[in-house]
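S.K.:
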Amino acid sequence: MIKKYFIFLTLIFSVYSCTVISEKAAQKADKENAYLSTFLNKSSANLNSTLGKPTQVTSESNLTIHVYEVKGTLFDCQRKFTIDNKNIVTGFVSTCWD
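Residue numbering for the sequence shown follows my numbering, beginning at 1315 and increasing consecutively.
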C-alpha cells in the first residue's frame, strides 16, 4: 500500500514539474520574441547599433541574413535576422530564451 502511494505521489510531482518547466520556457520565449520584434521593419543599422556586429552574414535570394551568436551561462544560442535589399529587418528566428 505504501509503495503504491509513493508511486502515485512521484507521478503527480513529475507531471506538475514538467508543467511548470514548460510554462517558464514559454514565458521566456515570449519575452525573447517581444524584444526581437522591436527590430522588425526598422533599419539594419538600428539592429547593428543595439546588438553589435553580427557573427556571420550570409545571403539567400535577395535577402541578407545576420547571425548573432550569444554565449549563455547554460547554453549558447543564435539569433538570425533577415534583411531585405532596402536594409530593413523583415524577420527573425531565435533559439535564445533570455
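Backbone N, C-alpha and C fix where the C-beta goes; we use that ideal spot for every residue, glycine too.
In the DSSP output, which residue or residues are listed as bridge partners for Phe1441?
M.R.: Because the chain is modelled from 1315 through 1412, residue 1441 falls outside the range shown and cannot be assessed.
S.K.: Quick one: grab the DSSP three-state call for Thr1364.
M.R.: If DSSP states are grouped into helix, strand and coil, Thr1364 belongs with the helices.
S.K.: So Leu1350 and Ser1408 are supposed to be a Cβ contact under 8 Å. How far apart are they, rounded?
M.R.: Their Cβ separation, rounded to whole angstroms, is 6 Å, which keeps Leu1350 and Ser1408 in contact under 8 Å.
S.K.: Count the other C-beta atoms from every protein chain shown that fall within 10 angstroms of the C-beta of Phe1389, then say buried if there are 16 or more, exposed otherwise.
M.R.: Exposed: under 16 other Cβ atoms inside 10 Å.
S.K.: Is the shortest distance between the beta-carbon of Cys1391 and the beta-carbons of chain B less than 9 Å?
M.R.: Annotation note: the requested chain B is absent from the structure, which comprises a single protein chain.
S.K.: Would you identify the three-state DSSP class for Thr1324, choosing helix, strand or coil?
M.R.: Of the three classes helix, strand and coil, the one that applies to Thr1324 here is helix, per DSSP.
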